[in-house]
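Have a look at the structure below before the remarks.
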Amino acid sequence: MPEVTLEEAQAVHDRCLIVDGHNDTPVEHVHRGDRPMDLKKRDLAYHMDVPRMKEGGFDAGFFVVGNGPTANVRVTLEQTLASVELYPDDLMLVFSSRDVERARESGRIGILLTIEGAGRWLEGEMDILRLYYRLGVRCIGITHGEGGDDPVYLQGSRSPFGPCTAHDRERERRNAGGLTDFGKAVLQESNRLGVITDLAHINDRAFYQVLEQSSLPVTMTHTAVFSECNHWRCLTDDQLRALAGAGGVMGIAFLPGFIDPENASADRMVDHICYVADLVGIDHVGIGSDYDGMGSVTPVFGDVSKLVRLTRAMLSRGLTEDDIRKVLGGNFLRLFRHTLDCGQS
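Residue numbers (numbering that gives the first Met the number 0): 0 to 344.
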């Protein structure tokens, strides 16, 4: 097909709602000691800030406000809330699918507060989950890799990381420590509240147990396809089928190690998207950039202002505008309707 120009891609891009499944920008600000957090300041030391989000057409995203001990989460959450209060014309918290649409309509960035690694900050106390819910948190990660015999953990063994084989994955599914009793209780309470459950970093056995026991669809916010890149953090075909069968959505991360360590290009990223679409349908794949969560690694798309390059790559591959709308944000919006909008608080 004829080459798609950047102008043509931009026209499609501008018509799309864009929802990113994962960024670590608030956590990285606190980690670097940049306080008070100023998300509106253009700062090229980060992958994201308000000016570049608007340049990239970014409408809303899962903003991680912690992945460690409670003290770390408390500071990051407070700093993020303060930044939202400081710039009400540019930022807004989102608690529902309609809030996400309202953010786009008003020209603001929608922030869905997310905390990873529940075994580190919940400290075995369900009241902490309810407290953070009241403070605006609407997505929690079962783990950030942690797990073990300690009753505060939500899974019974740590999650492996790095390259692996299909045989390794089969063994892990059989032998890993799955959801703990506390993990099951947290999942049940999250379902009741309408808090989204994120399976990123989870071990393979616990992955399937969550899907069996959750009454709401779940997500894996930043991952990729194992058949395209043999990494522990990528989803196998069987996992993709299971996630899709439960109405879930996975976000493709922009991390080269998940896409192709030798050739992490826009085309290879689209390979992952098309693989999911061919296997389980276009309704179950989105984007989960992991911006500001990669250390010194350069993402496939250098910063949030470059998102149109993904749209161009998808158009060049022959994806329709309707398909692109789903990948860039429509699928996560649907997930919000079946999770955030279903809370019984």
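Glycine is no exception: its CB is placed at the ideal position from the N, C-alpha and C atoms.
Exercise. DSSP three-state call for Tyr-86: helix, strand or coil?
Worked result: Your numbering for residue 86 matches position 87 in the sequence shown. Three-state DSSP puts Tyr-86 in coil, outside helix and strand.
Problem set entry | Minimum C-alpha distance to Thr-4 - residue among Tyr-274, Arg-308 and Arg-333 | Taking the sequence shown and counting its residues from 1, one reaches residue 4 at position 5. Residue Arg-308 is the option with its Cα nearest to Thr-4.
Problem set entry | Unbroken beta strand (DSSP E) run spanning Arg-137, endpoints | Position 138 of the sequence shown holds residue 137. In the DSSP assignment, Arg-137 falls within the unbroken beta strand (DSSP E) covering 136-140.
For this session: Tell me where the beta strand (DSSP E) around Asn-22 begins and ends.
Result: The residue labelled residue 22 in the question sits at position 23 within the sequence shown. Looking at the DSSP string, the run of the beta strand (DSSP E) that includes Asn-22 is 18-22.
Exercise. If we ignore side chains and look at the alpha-carbon of each, how far apart do Gly-144 and Ile-201 end up?
Worked result: Here residue 144 refers to the residue found at position 145 when the sequence shown is read from its first residue. Here residue 201 refers to the residue found at position 202 when the sequence shown is read from its first residue. Straight-line Cα distance between these residues: approximately 6 Å.
Exercise. Counting only beta-carbon atoms, is Val-224 nearer than 7 Å to chain B?
Worked result: The structure shown contains no chain B, having only a single protein chain.
Exercise. Alpha carbon to alpha carbon, what distance is there between Gln-238 and Arg-168?
Worked result: For the purposes of this step, residue 168 is taken as residue 169 along the sequence shown, with counting starting at 1. For the purposes of this step, residue 238 is taken as residue 239 along the sequence shown, with counting starting at 1. When rounded, the separation of the alpha-carbon atoms in Arg-168 and Gln-238 is 11 Å.
For this session: Would you mind reading off the limits of the beta strand (DSSP E) that contains Met-249?
Result: Numbered from its first residue, the sequence shown carries residue 249 at position 250. From DSSP, the beta strand (DSSP E) with Met-249 extends over 248-251.
Problem set entry | For Gly-20, the nearest candidate out of Phe-253, Thr-319 and Trp-231 (CA to CA) | On the sequence shown, residue 20 is found 21 positions in, with the first residue counted as 1. Looking at the Cα atoms, Phe-253 is the closest of the given residues.
Exercise. Are there three or more Cβ pairs, one per stretch, closer than 8 Å when the segment 57-74 is compared with the segment 107-125?
Worked result: By the Cβ criterion, the segment 57-74 is in contact with the segment 107-125, since at least three pairs of Cβ atoms, one from each stretch, lie closer than 8 Å.
For this session: Take Gly-182 as the anchor and find which of Asn-174, Gly-161 and Phe-206 has the nearest alpha-carbon.
Result: For this step, residue 182 is matched to residue 183 along the sequence shown. Out of Asn-174, Gly-161 and Phe-206, the CA that lies nearest to the CA of Gly-182 is found in Phe-206.
For this session: Could you tell me whether the segment 245-262 touches the segment 218-232, where touching means 3 or more Cβ pairs closer than 8 Å?
Result: With contact defined as three or more Cβ pairs closer than 8 Å, the segment 245-262 and the segment 218-232 are in contact.
Problem set entry | Residues bridged to Tyr-290 (per DSSP) | Taking the sequence shown and counting its residues from 1, the one referred to as residue 290 is at position 291. Answer by DSSP bridge pairing, in chain order: Asn-22.
For this session: Would you mind giving the Cβ-Cβ distance between Val-83 and Leu-92, rounded to the nearest angstrom? I have them listed as a contact below 8 Å.
Result: Looking up residue 83 in the sequence shown gives position 84. Looking up residue 92 in the sequence shown gives position 93. Separation of the CB atoms of Val-83 and Leu-92 is rounded to 6 Å, and the pair is thereby assigned contact status at 8 Å.
Exercise. Should Asp-48 go down as buried or exposed, given a rule of 16 or more other Cβ atoms within 10 Å for buried?
Worked result: The residue labelled residue 48 in the question sits at position 49 within the sequence shown. So Asp-48 ends up on the buried side.
Exercise. The beta strand (DSSP E) spanning Phe-62 covers which residue range?
Worked result: The count along the sequence shown starts at 1 and reaches residue 62 at position 63. Phe-62 -> beta strand (DSSP E) spans 59-63.
Problem set entry | Within 7 Å, strictly: CB atoms of Gly-55 and Ser-288 | Taking the first residue of the sequence shown as position 1, residue 55 is located at position 56. Taking the first residue of the sequence shown as position 1, residue 288 is located at position 289. Contact flag unset, no.
Exercise. Of all the alpha helix (DSSP H) runs that stay within the bounds of the segment 85-165, which reach a length of 4 or more residues?
Worked result: List check, alpha helix (DSSP H) in window: 96-104, 117-120 and 125-133.
Problem set entry | Same chain, Cβ closer than 7 Å to Tyr-45, five either side skipped, listed in chain order | In the sequence shown, counting from the first residue as 1, residue 45 sits at position 46. Excluding residues within five positions, the ones whose Cβ falls inside 7 Å are Thr-24, Glu-27 and Asp-291.
Exercise. Can you tell me where the beta strand (DSSP E) with Asp-197 in it begins and where it stops?
Worked result: Here residue 197 corresponds to residue number 198 of the sequence shown, with the count starting at 1. From DSSP, the beta strand (DSSP E) with Asp-197 extends over 195-197.
For this session: With Met-268 as the anchor, note down where its alpha helix (DSSP H) starts and where it stops.
Result: Within the sequence shown, numbered from 1, the residue matching residue 268 stands at position 269. For Met-268, the enclosing alpha helix (DSSP H) covers residues 265-279.
Problem set entry | Proximity winner among Pro-50, His-12 and Val-74, relative to Met-36 (alpha-carbon distances) | Your numbering for residue 36 matches position 37 in the sequence shown. Minimum Cα distance to Met-36 is reached at Val-74.
Exercise. Using 8 Å as the Cβ pair cut-off and three pairs as the minimum, do the segment 324-339 and the segment 8-20 touch?
Worked result: Flag = yes, the segment 324-339 and the segment 8-20 touch.
For this session: Could you round the C-beta distance between Asp-203 and Ala-223 to whole angstroms and report it? I think they count as a contact, below 8 Å.
Result: Here residue 203 refers to the residue found at position 204 of the sequence shown. Here residue 223 refers to the residue found at position 224 of the sequence shown. That belief does not hold up - the Cβ atoms of Asp-203 and Ala-223 are roughly 15 Å apart, past 8 Å.
For this session: Could you tell me the distance, in whole angstroms, from the CA atom of His-221 to the CA atom of Ala-199?
Result: Position 222 of the sequence shown holds residue 221. Position 200 of the sequence shown holds residue 199. Looking at the two C-alpha atoms, the distance is approximately 6 Å.
Exercise. Alpha carbon to alpha carbon, what distance is there between Gly-317 and Arg-119?
Worked result: The residue labelled residue 119 in the question sits at position 120 within the sequence shown. The residue labelled residue 317 in the question sits at position 318 within the sequence shown. Approximately 44 Å between the Cα atoms of the pair.
Exercise. When the Cα of Gly-256 is compared with those of Gly-294, Thr-319, Asp-321 and Asp-302, which residue comes out closest?
Worked result: On the sequence shown, residue 256 is found 257 positions in, with the first residue counted as 1. The option with the nearest alpha carbon to Gly-256 is Gly-294.
For this session: May I ask you to report which of helix, strand or coil DSSP gives Leu-178?
Result: In the sequence shown, the residue the question calls residue 178 occupies position 179. Reduced to three states, the DSSP call for Leu-178 is strand.
Exercise. Quick one, which of Ile-272, Leu-215 and Leu-121 has its alpha-carbon nearest Cys-233's?
Worked result: Residue numbering aside, residue 233 sits at position 234 when the sequence shown is read from its first letter. Cys-233 has its Cα closest to that of Ile-272, out of Ile-272, Leu-215 and Leu-121.
Problem set entry | First through last residue of the alpha helix (DSSP H) which encompasses His-12 | The residue given as residue 12 occupies position 13 in the sequence shown. Note, His-12: alpha helix (DSSP H), 5-14.
Exercise. Which residues bound the alpha helix (DSSP H) around Met-36?
Worked result: For this step, residue 36 is matched to residue 37 along the sequence shown. Boundaries cannot be given for Met-36, as no alpha helix (DSSP H) includes it and DSSP labels it neither H nor E.
Exercise. Do the CB positions of Pro-216 and Ala-245 come within less than 7 Å of each other?
Worked result: In the sequence shown, the residue the question calls residue 216 occupies position 217. In the sequence shown, the residue the question calls residue 245 occupies position 246. Their beta carbons are under 7 Å apart, which means Pro-216 touches Ala-245 by this criterion.
For this session: Using alpha carbons as the reference points, say which of Val-99, His-283, Thr-113 and Met-268 lies closest to Met-249.
Result: One-based indexing of the sequence shown puts residue 249 at position 250. It is His-283 whose Cα lies nearest to the Cα of Met-249.
For this session: Would you list the one or two residues that DSSP bridges to Val-284?
Result: Working through the sequence shown from its first residue, we reach residue 284 at position 285. The partner list for Val-284 (beta bridge, DSSP) reads Met-249.
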